[in-house]
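Here the numbering used here is used: the first residue of the sequence shown is 3, the next is one more, and so on. Ideal Cβ positions, reconstructed from N, Cα and C, are used throughout, including at glycine. This report concerns only the one structure given below.
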Amino acid sequence: MNTDAVLLAIAVIGLVTTFGITLYLVGYFRSAPEPTDSNHRPAGAAAANARQLNRGELRALRRRRQGVAAVNERAEQREQDMQAEHAENFEGEEEEDGGGPRVAGTSRKAMQKELKRQERERMRKFEASRREEVKRLREAKEEAHRKRLEAADADEDAREAELEAMRLRQEVKAKADFERWRAFMSVDDTGVDADMADDESAESERLHAVAEYVQSLKVVVLEEVAAEFGLRTEAVKDHIEKLVASGRLSGILDDRGKFITLSDDEMNAVALHIQRKGRVTLHELGLECNRLIHVD
């Protein structure tokens with residue numbers, strides 16, 4: 003800013019100096035005495051003196067004009083040099099700033115251009131920062147998802163191992179329960195009730211009648227069978243156990259006093275159910291038998 007002021011002052015001084023010299027010369031020539039008739043001298047020496055005087059004045063006028071032209075030329079050259087120096091200083095300041103904000107004295111158009119450039123630069127940096135943040139969030143999300151998948155796989159492997167161990171334990175228990183159930187279905191004869199102490203033929207007929215009755219109904223209640231044949235409930239239970247032991251009947255006697263007749267296929271299905279479920283109660287076993295033979 004100081005450099006611009008100095009250059010401007012020098013240019014103004016040069017212009018004022020040139021203008022003053024020009025005014026001085028114009029005033030000088032206007033004040034010079036014009037020749038009159040009274041000053042005319044006779045021919046000869048007077049004419050010679052006039053010619054000599056005119057030649058001297060012309061030479062002086064030419065010298066003055068040459069001096070004025072030289073002064074004007076020097077002033078113009080000085081002004082051109084000042085302008086060139088000003089332009090070089092401005093370019094040097096621009097290079098030193100490295101494309102940064104312009105200093106005072108810059109034109110409004112250049113300042114607007116610089117502001118737009120700075121705004122574009124800020125937008126470019128903001129967009130680059132935004133893209134970087136989006137990338138960081140996406141990578142963090144992908145990493146968290148990968149860790150969840152790995153944790154889920156680990157949990158799945160542990161769960162499968164636990165299920166396999168549980169299946170093996172249930173299989174062992176199912177085999178043990180099945181053996182106990184087979185032993186229960188093949189109980190030994192416990193003797194004959196006092197009320198049925200008839201001869202063997204009568205007992206055989208009763209057993210046959212009970213077997214026919216139970217097989218015809220598929221599901222019977224021991225108390226109802228006892229009422230049908232005039233026997234005690236315990237006697238009916240003994241008869242059914244004998245029929246199961248001899249192979250004439252096949253089925254399950256649950257804990258509520260109900261006998262369910264089963265075929266060989268149904269018996270195998272029950273055994274398979276016990277193997278799958280593991281330990282089961284007689285009540286649950288009875289419900290499964292009801293489901294298998296479609297009896298409510």
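Out of curiosity, what's the CA-to-CA distance linking residue i and residue j?
| i | j | result |
| --- | --- | --- |
| Arg-110 | Leu-117 | 10 Å |
| Ala-167 | Glu-173 | 10 Å |
| Thr-20 | Arg-65 | 16 Å |
| Leu-139 | Ala-146 | 11 Å |
| Gln-217 | Leu-274 | 23 Å |
| Val-272 | Glu-205 | 31 Å |
| Ala-13 | Ala-77 | 8 Å |
| Tyr-215 | Val-221 | 10 Å |
| Lys-239 | Leu-165 | 41 Å |
| Glu-152 | Ala-112 | 60 Å |
| Ser-203 | Lys-175 | 43 Å |
| Glu-207 | Gln-277 | 37 Å |
| Glu-123 | Ala-130 | 11 Å |
| Glu-134 | Glu-121 | 20 Å |
What span of residues does the beta strand (DSSP E) with residue i cover, start to end?
| i | result |
| --- | --- |
| Leu-255 | 253-255 |
Check for me: the alpha helix (DSSP H) holding residue i runs from which residue to which?
| i | result |
| --- | --- |
| Lys-260 | It is not in any alpha helix (DSSP H) - Lys-260 instead sits in the beta strand (DSSP E) that spans 260-263. |
| Lys-220 | Looking at the DSSP string, Lys-220 is not in any alpha helix (DSSP H), and its letter there is neither H nor E. |
| Leu-224 | 224-231 |
| Ser-109 | Neither: Ser-109 is in no alpha helix (DSSP H) and is coded neither H nor E. |
Restricting to Cα atoms, I'd like to know which of the options is closest to residue i.
| i | options | result |
| --- | --- | --- |
| Asp-256 | Arg-138, Val-223, Val-216 | Val-223 |
| Ile-262 | Val-14, Ala-156, Ala-213 | Ala-213 |
| Asp-267 | Ala-13, Gly-253, Val-136, Gly-259 | Gly-253 |
| Lys-279 | Val-246, Ala-160, Arg-169, Ala-156 | Arg-169 |
| Leu-17 | Glu-144, Gln-68, Ala-247, Glu-75 | Glu-75 |
| Tyr-26 | Arg-67, Ser-203, Glu-59 | Arg-67 |
| Ala-11 | Leu-264, Ile-276, Arg-132, Arg-80 | Arg-80 |
If I'm right that residue i touches residue j with Cβ under 8 Å, what's the distance once you round it to whole angstroms?
| i | j | result |
| --- | --- | --- |
| His-241 | Leu-209 | 6 Å |
| Ile-23 | Val-73 | 6 Å |
| Glu-230 | Gly-259 | 14 Å between Cβ atoms; not a contact. |
| Ala-228 | Ala-237 | 7 Å |
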